[in-house]
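Structure record follows, encoded as structure tokens.
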Amino acid sequence: MTSFLNDDYGYLNSRRYAMTSIQYPDGRPRTNDIDFVSFKNDFIELGECKQFVAGKSEMWLDSTKIAMLKLFGKIIGKFNRKIFLTGTDSYSLTRPTDFMYFTTLDSVLSGETPSKTCSGNIIIEKDNMIKSTREGFSELCNGLLDHFGRDIGSLTFKHLR
């Protein structure tokens, strides 16, 4: 079986199919997506990936996406999730040693990561994000999943005897 992510046309067709599944009466898509989801037990990581605007070193997150991520954050609860906002200079930078930038939605909403707002959209400067290799980001996220997603339920009385 071919990996779905290695099938560029399949991926694009899947995205188009999904994004047009629910439409406004005028034909515009009424759907949105989450770029990545990873979880272990009761801990979940969600992420939105954006390419920096050419020549500006900033990324824009539209108001609908921010509202959706805020709602997920509220429903899931702060101690059971991380919602990452990641930026890249190019979507072709996929090697483990390529650099990416990230912050969290909570950090932006609290003001810890400076941002600007324009018509409900959030604008984040590259310089206000954490720079990491893709491999480093993967290690961070795996560490969070392994730490916060540990199965506390496995610590039963039989382990304490």
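For what it's worth, the numbering used here labels the leading residue of the sequence shown as 534, then goes sequentially. Quick reminder that beta carbons are idealized off the backbone N, C-alpha and C, glycines included.
Contact under 8 angstroms by Cβ, residue i with residue j
| i | j | result |
| --- | --- | --- |
| D540 | S590 | no |
| G606 | I599 | no |
| N654 | D595 | yes |
| S571 | C674 | yes |
| L729 | L638 | One cannot answer for residue 729 here, as it falls past the ends of the chain, which runs 534 to 694. |
| V641 | L618 | yes |
Exposure of residue i, with buried meaning 16 or more beta-carbon neighbours within 10 Å
| i | result |
| --- | --- |
| F612 | exposed |
| R614 | buried |
| L545 | exposed |
| Y634 | buried |
| T597 | exposed |
Residue i, DSSP secondary structure in three states
| i | result |
| --- | --- |
| F585 | coil |
| M552 | helix |
| L594 | strand |
| Y557 | coil |
DSSP beta-bridge partners of residue i
| i | result |
| --- | --- |
| N654 | C651 |
| F572 | I577 |
| M633 | S665 |
| T619 | C582 and F635 |
| R614 | I577 |
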